[in-house]
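So the structure is just underneath, and the comments pick up after that.
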Amino acid sequence: MTPNLVITAIITAEPGHADTVREALAACTGPSRAEDGCHRYDLHVDVTNDHRFVMLEEWTDEAATVAHGKSDHFRTLGRTLKGIAQFEVIRLKQIG
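FYI, the numbering for the sequence shown is 1 to 96, going by full-length UniProt numbering.
Structure below.
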């Protein structure tokens, strides 16, 4: 069995934009969870920095993440966050 693809996305809102970023990310969680191949799509906020959000994702495979990236809700998220948030995406495969 091939291990699932795990993604940790760290999203940091620019000063003054935390509420907008939080709302946009939250709006994307439900539709993302409903996608084929999505096993987990959970939004968190850093308890020491309310401008830093972490999305923990788990997908069946790379094809599922490609479809996710093309979805209307994810594209809307990208347009909403453009210029008001920074992103770091870490893609992981379990090895042990």
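We put the CB at the ideal spot given by N, CA and C, even for glycine.
Given residue i as reference, the closest of the options once Cα atoms are compared
i: residue 16; options: 28, 51, 27 and 76; result: 51
i: residue 40; options: 6, 72 and 84; result: 6
i: residue 30; options: 12, 71 and 79; result: 71
Residue i, DSSP secondary structure in three states
i: residue 48; result: coil
i: residue 76; result: helix
Continuous alpha helix (DSSP H) stretch holding residue i: start and end
i: residue 20; result: 18 to 33
i: residue 8; result: Looking at the DSSP string, residue 8 is not in any alpha helix (DSSP H); the run it does join, the beta strand (DSSP E), is 5 to 13.
i: residue 70; result: 62 to 70
Rounded separation between residue i and residue j - CA only
i: residue 44; j: residue 55; result: 6 Å
i: residue 33; j: residue 58; result: 10 Å
Limits of the beta strand (DSSP E) - the one that residue i falls within
i: residue 93; result: 85 to 93
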